[in-house]
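First comes the structure, then the notes that go with it.
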Amino acid sequence: MASLLIHSSISPSNARPISSFTKQNTLFAYNYNLPKRRTLVISLSAVDEQPPPSSFSEFQFTDQSKDDTIKSLKFKLLSAVSGLNRGLAASEEDLQKADSAAKEIEAVGGPVDLSADIEKLQGRWKLVYSSAFSSRTLGGSRPGPPTGRLLPITLGQVFQRIDILSKDFDNIVELELGAPWPLQPIEVTATLAHKFEIIGTSTIRIIFEKTTVKTTGNLSQLPPLEVPQLPEQFRPSTNRGSGDFDVTYLDSDLRITRGDRGELRVFVVS
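Sequential numbering from 56 applies to the sequence shown in this note's numbering.
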């Protein structure tokens, strides 16, 4: 877009200023009497103006401004998913708000390179949101046990424990199993052990190894139980014990991933 700049000038002359002062409104006027042979010169010039950036990715950030922007966007995302019970209580509108907030951070943060930032994966991460849980099953868009207030399985906290040296990738799920009255519900922690490898720059592939269930609470003294895996020929063709997902944002305390079926997941360091 071009804007028009107007420059005016008056050739040197014997122009004399005339001033007048009005007490009523305290107006000060300052005029020029121009000689007849003097002319007022007006010059016009066009200056190009660039349109504003259409997205966060087009901004040129300084390190400090980028950090401040990401900090603000992280707060926006965590506020959007707060109170959604990890996504179990998310409506269609909630899903869209969370996805939009995540995309803003992904745009500012830029592409993830796990070969350079592999150490940031290390540690225990707490799941604060999964769009897959809006299906009301633990498997999301994949088969999985139902969960809900009136159903026998209640989902507790969900963690991921990642060890970049041993390549261990464990999904840790706290569950409460309903029991007939007057028995108390049974609290268990299920650990789904995997190995992982990095594909390309930002994709992680996990390979399932085993599931271990450990009772907690009043039954914590019981030994852990390893759940046998179904033989290969009896497993569903869509679930062979492995899966891929992309890490779309990663820093020291927040991780955003998108699964191979579009699942958005948000983790904070625990």
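Yeah, the Cβ is synthetic: ideal placement off N, Cα and C, and Gly gets one too.
Residue i - partner residues in DSSP beta bridges
| i | result |
| --- | --- |
| I314 | The amino acid at residue 314 is misidentified as Ile; the sequence shows Gly. According to DSSP, which records beta bridges pairwise, G314 is partnered with F300. |
| F224 | I217 and H249 |
| L280 | V268 |
| E242 | E231 |
| T209 | E231 |
| V163 | None; V163 has no bridge partner. |
Reduced DSSP category for residue i - H, G, I as helix; E, B as strand; rest coil
| i | result |
| --- | --- |
| K158 | helix |
| L169 | helix |
| S185 | strand |
| L150 | helix |
| D218 | strand |
| G233 | coil |
| T258 | strand |
| L274 | helix |
| L176 | helix |
| A70 | For A70, the predicted structure reports a pLDDT of 47, less than 50, and the residue's modelled location is therefore unreliable. The matter cannot be settled from this model. |
| S132 | First, the amino acid is wrong: residue 132 is Leu here, not Ser. Helix at L132. |
| G142 | helix |
| S196 | The pLDDT assigned to S196 is 48, lower than 50, so where the model puts this residue is not dependable; a value taken from the coordinates is nonetheless given after this. Coil at S196, not helix or strand. |
Chain-order list of residues whose beta-carbon lies under 7 Å from that of residue i (same chain, five-residue window excluded)
| i | result |
| --- | --- |
| K269 | V243, T244 and P279 |
| L232 | P207, I208, P240, I241 and V243 |
| D149 | L139 |
| K129 | I160 and L309 |
| V136 | A153, V183, Y184 and V321 |
| I173 | I219 |
| A234 | P240 and I241 |
| L277 | T270 |
Per-residue burial, residue i [other beta carbons within 10 Å of its own, 16 or more giving buried]
| i | result |
| --- | --- |
| E318 | buried |
| F188 | buried |
| S297 | exposed |
| R179 | exposed |
| S316 | The question names Ser, yet the displayed sequence has Arg at residue 316. R316 should be labelled exposed. |
| K175 | buried |
| A145 | buried |
| S275 | exposed |
| L143 | buried |
| L305 | buried |
| V213 | buried |
| S186 | buried |
| Q177 | exposed |
| Q151 | exposed |
| Q397 | Since the displayed the chain opens at 56 and closes at 325, residue 397 lies outside it and no answer follows. |
Integer Cβ distance of residue i from residue j, believed to fall under 8 Å
| i | j | result |
| --- | --- | --- |
| F224 | I261 | 5 Å |
| S325 | K181 | 4 Å |
| L133 | I253 | Not quite, the Cβ-Cβ distance comes to about 27 Å (not below 8 Å), so this is no contact. |
| D301 | R313 | 5 Å |
| F251 | K222 | 6 Å |
Sequence-distant residues of the same chain with beta carbon closer than 6 Å to residue i, five excluded per side
| i | result |
| --- | --- |
| T246 | D225, I227 and T267 |
| F124 | First, the amino acid is wrong: residue 124 is Thr here, not Phe. Cβ within range, chain order: V163. |
Contacts around residue i, its chain only, beta-carbon distance under 8 Å, and the 5 residues preceding and following it disregarded
| i | result |
| --- | --- |
| L230 | I208, T209, L210, G211, E242, V243, T244 and A245 |
| A157 | L132, T303, Y304, I311, L319 and V321 |
| T256 | P166, V167, D168, L169 and S170 |
| K121 | V163 |
| T271 | E229, E242, V243 and T244 |
beta-carbon residue i near the ligand NAP non-hydrogen atom, thresh 7 Å
| i | result |
| --- | --- |
| Q239 | The ligand NAP is not among the ligands present in this structure, which contains no ligands whatsoever. |
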